[in-house]
Amino acid sequence: MRVDQMERDATVVDFTARLLTGLVRTGNIDALHQALPEALPWTTFLPEADIDTLISELVATASGAVALGNLAAIALLLTQWRHSAEVYGDPALLAILTRDHEGGLGPVPAPGAAE
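Heads up: the sequence shown is residues 12 to 126, going by the numbering used here.
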């Protein structure tokens with residue numbers, strides 16, 4: 012990617028981050044809740060409490076990423092939330108991941124230890 016394109020992209024993300032921050036600060040969360048399914052259709056599967064967390068994390072991450080000049084953190088955050096929505100959107104997978112397990116699940120090897 013060319014430097015001038017990266018600078019234009021950063022300008023757009025900076026504007027978007029500031030707009031989101033302004034909407035949150037002024038209490039226009041309802042507007043964000045209404046617009047989010049159009050921008051990120053998979054948010055339909057997230058619980059309402061998670062939508063609030065997503066908005067909060069997105070505002071903070073976008074502001075921080077713009078300040079660093081590295082937008083990768085925004086893409087990572089959106090990918091992580093999309094995966095959460097995939098779990099909520101699949102009742103069988105949600106049941107597997109949220110069920111209580113009786114007893115222990117056995118020892119877990121230390122990271123890097125031979126299995």
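Every residue gets a Cβ at the ideal spot worked out from N, C-alpha and C, and that includes glycine.
Residue i versus residue j: straight-line alpha-carbon distance, rounded
i, j, result
"D101", "T54", "13 Å"
"L51", "A28", "16 Å"
"P120", "S95", "26 Å"
"L23", "L30", "Reading the sequence as shown, one finds Val at residue 23 and not Leu. The alpha-carbon atoms of V23 and L30 are separated by roughly 10 Å."
"V77", "D25", "6 Å"
"V98", "R19", "35 Å"
"P118", "P48", "41 Å"
"I107", "V14", "46 Å"
"G115", "N39", "46 Å"
"Q45", "E59", "12 Å"
Counted within 10 angstroms of its Cβ, other Cβ atoms place residue i as buried (16 or more) or exposed
i, result
"L57", "buried"
"I1", "Because the chain in this structure spans residues 12 to 126, residue 1 falls outside the shown range and cannot be described."
Any C-beta of chain D under 7 Å from that of residue i
i, result
"A76", "Any reference to chain D falls outside this structure, which holds one protein chain only."
Any non-hydrogen atom of the ligand COA within 6 Å of residue i CB
i, result
"V23", "For the structure depicted, the ligand COA is absent and the ligand set is empty, with no information on it obtainable."
Cut-off 8 Å between Cβ atoms - residues of its own chain near residue i, not counting five sequence neighbours on either side
i, result
"L88", "E68, L69, T72"
"A42", "L34"
"L104", "E97, V98"
Sequence-distant residues of its chain with Cβ nearer than 6 Å to residue i (five each side left out)
i, result
"W92", "L65"
"G123", "none"
Beta-carbon proximity list for residue i, same chain, < 7 Å, skipping 5 on both sides
i, result
"S74", "A28, T32"
If you scan the stretch 32 to 77 from start to end, which runs of the alpha helix (DSSP H) of 4 or more residues do you find wholly inside it? Considered as a whole, the stretch 32 to 77 harbours 40 to 50 as its complete alpha helix (DSSP H) runs of no fewer than 4 residues, in chain order.
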